[in-house]
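See below for the structure under consideration.
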Amino acid sequence: MLVHLQTRTLLGKELKEKTRKVLQIAEQENLDVDSKFLALVAIGSLMLDGLVKRIALDFDVDKIAKAAKSSKDAKVSEAGADIEMLVKQP
Numbered sequence: 001m002l003v004h005l006q007t008r009t010l011l012g013k014e015l016k017e018k019t020r021k022v023l024q025i026a027e028q029e030n031l032d033v034d035s036k037f038l039a040l041v042a043i044g045s046l047m048l049d050g051l052v053k054r055i056a057l058d059f060d061v062d063k064i065a066k067a068a069k070s071s072k073d074a075k076v077s078e079a080g081a082d083i084e085m086l087v088k089q090p
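Written out as structure tokens, the structure reads:
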């Protein structure tokens with residue numbers, strides 16, 4: 001049982017770090033449109049998992065979504081709106 005708990009803790013830390021990295025990529029101002037869109041899609045896909053959603057909320061994913069939603073690029077804007085919807089869902 002102790003090994004199981006240690007494994008879960010390690011996986012949780014790895015998941016948190018990977019989520020943080022994806023969010024940092026999406027926040028970059030000088031990122032090209034396609035890369036930003038792909039990062040936002042990755043965030044949205046990851047947020048479908050409840051644990052990742054909580055981690056993303058801890059890292060202020062709502063700010064990233066708002067910034068993306070105000071983008072002039074339609075697909076980035078739509079991805080931002082989708083993430084905002086995920087944030088609002090229980």
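Quick note on the UniProt record's numbering: the sequence shown kicks off at 1 and runs consecutively. Cβ atoms here follow ideal geometry from the backbone N, Cα and C, with glycine treated the same way.
Exercise for review: Can you give me the Cβ contacts of residue 55 inside the same chain, cut-off strictly under 6 Å, excluding the 5 residues immediately before and after it?
Suggested key: One-based indexing of the sequence shown puts residue 55 at position 55. Closer than 6 Å at the Cβ level, and outside the excluded window around residue 55, lie 16 and 19.
Exercise for review: State buried or exposed for residue 88, treating a residue as buried only when at least 16 other CB atoms are found within 10 Å of its CB.
Suggested key: What you label residue 88 is simply residue 88 of the sequence shown in a count that begins at 1. So residue 88 counts as exposed.
Exercise for review: Assign residue 33 to buried or exposed, taking buried as 16 or more other Cβ atoms, counted over all protein chains shown, within 10 Å of its Cβ.
Suggested key: Position 33 of the sequence shown, counted from the first residue, corresponds to residue 33. Residue 33 comes out exposed.
Exercise for review: Taking only runs that begin and end inside the UniProt domain "PUL" (18-82), name each unbroken beta strand (DSSP E) of 3 or more residues, in chain order.
Suggested key: none
Point to revise | Inter-residue Cα distance where the pair is residue 30 and residue 48 | key: By 1-based counting over the sequence shown, the position of residue 30 is 30. By 1-based counting over the sequence shown, the position of residue 48 is 48. Rounded to the nearest angstrom, the two C-alpha atoms are 27 Å apart.
Check your understanding: Applying the criterion that 16 or more other CB atoms from any shown protein chain within 10 Å of the CB defines a buried residue, is residue 86 buried or exposed?
Key -> On the sequence shown, position 86 is the one that residue 86 refers to. Buried, since its Cβ has 16 or more Cβ neighbours within 10 Å.
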